[in-house]
Amino acid sequence: MRLLDVAESLMAPRASGVADGTSYKVYGEGKTIVLIHGVGMQQAIWAPQVSALSASHQVITYDMLGHGESRLPTEHVELADYARQLAGLLDHLDIGECTVIGHSMGALVALEFALRYPARVVRVVALNAAFNRTREQRAAVLARAEALEHIGVSATIDSTIERWFGNPVPAVLQGYAELVTDLMQNVDPVGYARSYRLFATSDAAHAGRLRELALPVLYMTGELDPNSTPEMSKSMSLETPGAQCVVLKGARHKMPITCAQEVNERILRFLDS
Numbered sequence: 001m002r003l004l005d006v007a008e009s010l011m012a013p014r015a016s017g018v019a020d021g022t023s024y025k026v027y028g029e030g031k032t033i034v035l036i037h038g039v040g041m042q043q044a045i046w047a048p049q050v051s052a053l054s055a056s057h058q059v060i061t062y063d064m065l066g067h068g069e070s071r072l073p074t075e076h077v078e079l080a081d082y083a084r085q086l087a088g089l090l091d092h093l094d095i096g097e098c099t100v101i102g103h104s105m106g107a108l109v110a111l112e113f114a115l116r117y118p119a120r121v122v123r124v125v126a127l128n129a130a131f132n133r134t135r136e137q138r139a140a141v142l143a144r145a146e147a148l149e150h151i152g153v154s155a156t157i158d159s160t161i162e163r164w165f166g167n168p169v170p171a172v173l174q175g176y177a178e179l180v181t182d183l184m185q186n187v188d189p190v191g192y193a194r195s196y197r198l199f200a201t202s203d204a205a206h207a208g209r210l211r212e213l214a215l216p217v218l219y220m221t222g223e224l225d226p227n228s229t230p231e232m233s234k235s236m237s238l239e240t241p242g243a244q245c246v247v248l249k250g251a252r253h254k255m256p257i258t259c260a261q262e263v264n265e266r267i268l269r270f271l272d273s
C-alpha cells in the first residue's frame, strides 16, 4: 500500500482506538466530518480526503463492520446495523452532530444514518451511490456476491479492478489499482462476503424515503462509473428536496482517490455553501 503509506505518514491522527469493536481515527479540529469507506476497503483509503479536510475540520475515519480492524457483522446484517455502528462511535467520542460522507456502500450507510438519526446529521455527501439498479445490473451484482461466498475474494479481484479502473488499467491509474488490490487481498473474507451481499441487495433501500431528508445533500459520481451511474445519482437528487448532483467528467468508481483534488474541491465548496 505504498501510496497510502506516503499519505498517512504526513498526517498522524490525534486520537485512535477501538470502541465496541469499531476501529477509528480522529484528525484535525473543528466541525466534525465522518468518512465511511466502501465495501472491501478500509478507513485508510480516505487518506486524500483526510489530508484536505482536516486542515479546517475534525475528520473521523473508521472501519465498517467486517472490514479492517472492526468486528464482523452478523450473518444477516442490515443497513440499520451499520447506521447503529456509526451512532455508537459518535456516542463514544461525545459528538452530537456531524457531516457524513460515504463512498459506494458507505454512501448507502451515510444516507441510512441520516434517515434514522436526522438530528445528528448536518449534511450528507453520497459518492458513487447505487440506486434502483436495472434488472441486468442487479443480476450482475448478485452474481458477484455469490462468487464471493463460494469461490472467495481472490477470484474476484481482477474483474473488480477492471470494472473500477478499466482494461487495460491506464498507466496513470496503475498505482491506485495496485493499492486497491492490496486492500482487497487483505480484507476479511467473511466480513467482505456478508457486507457485499447486503450491498448487492440494498440499492432500493432508500427508494421513496429520500424525500424525508430535510438537510443539504450532495450526490456525486463519475461519468464512466458503470455501477453507480450518473443516472442513479440524478434520480436520487430528484427525490431529495434541494439536493445537488455532480457528475465528474471522465471519472470512474474510485474517483475519491483517482480524482482526489476535484472531489475534495467539490466537497469543500458544498460545505461552504
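69 is the number that my numbering gives to position 69 of the sequence shown; each next residue is one higher, with no gaps.
Note that CB positions come from ideal geometry on N, CA and C, so glycine has one too.
Note that the coordinates shown come from a computational prediction; the quantities given were computed from them, not determined experimentally.
{"Item": "HIS150 burial status per 10 Å Cβ neighbour count (16 or more: buried)", "Value": "exposed"}
{"Item": "Cβ-based neighbour list, GLY88, same chain, cut-off 6 Å, excluding 5 preceding and 5 following", "Value": "ASP20"}
{"Item": "Pairwise C-alpha distance: LEU179 and TYR192", "Value": "17 Å"}
{"Item": "Alpha carbon of MET236 to alpha carbon of HIS92, nearest angstrom", "Value": "32 Å"}
{"Item": "Cβ-Cβ distance between ALA107 and LEU79 below 7 Å", "Value": "no"}
{"Item": "Terminal residues of the beta strand (DSSP E) in which ALA19 lies", "Value": "15-19"}
{"Item": "Limits of the alpha helix (DSSP H) - the one that LYS254 falls within", "Value": "Here LYS254 belongs to no alpha helix (DSSP H), and DSSP marks it neither H nor E."}
{"Item": "Any 3 or more C-beta pairs closer than 8 Å across the region 263-272 and the region 181-199", "Value": "no"}
{"Item": "Cβ contact (3+ pairs, closer than 8 Å) linking the region 133-151 and the region 108-123", "Value": "no"}
{"Item": "Close-in-space but distant-in-sequence residues of the same chain around CYS259 (CB under 7 Å, 5 per side omitted)", "Value": "LEU248, ALA251"}
{"Item": "CB-CB length for ILE101 against ILE33, believed under 8 Å", "Value": "6 Å"}
{"Item": "Buried versus exposed call for PRO48 [16 or more other C-beta atoms within 10 Å across all chains shown]", "Value": "buried"}
{"Item": "Nearest neighbour of VAL162, chosen from ALA129, PRO226, MET220 [CA to CA]", "Value": "The residue asked about is misnamed: residue 162 is Glu in this sequence, not Val. Ranking the options by Cα distance to GLU162, first place goes to PRO226."}
{"Item": "Simplified DSSP state of VAL39, which is helix, strand or coil", "Value": "coil"}
{"Item": "C-alpha gap between GLN85 and LEU53, whole angstroms", "Value": "23 Å"}
{"Item": "Whole-number beta carbon distance between ALA177 and PHE165, since they are thought to touch under 8 Å", "Value": "5 Å"}
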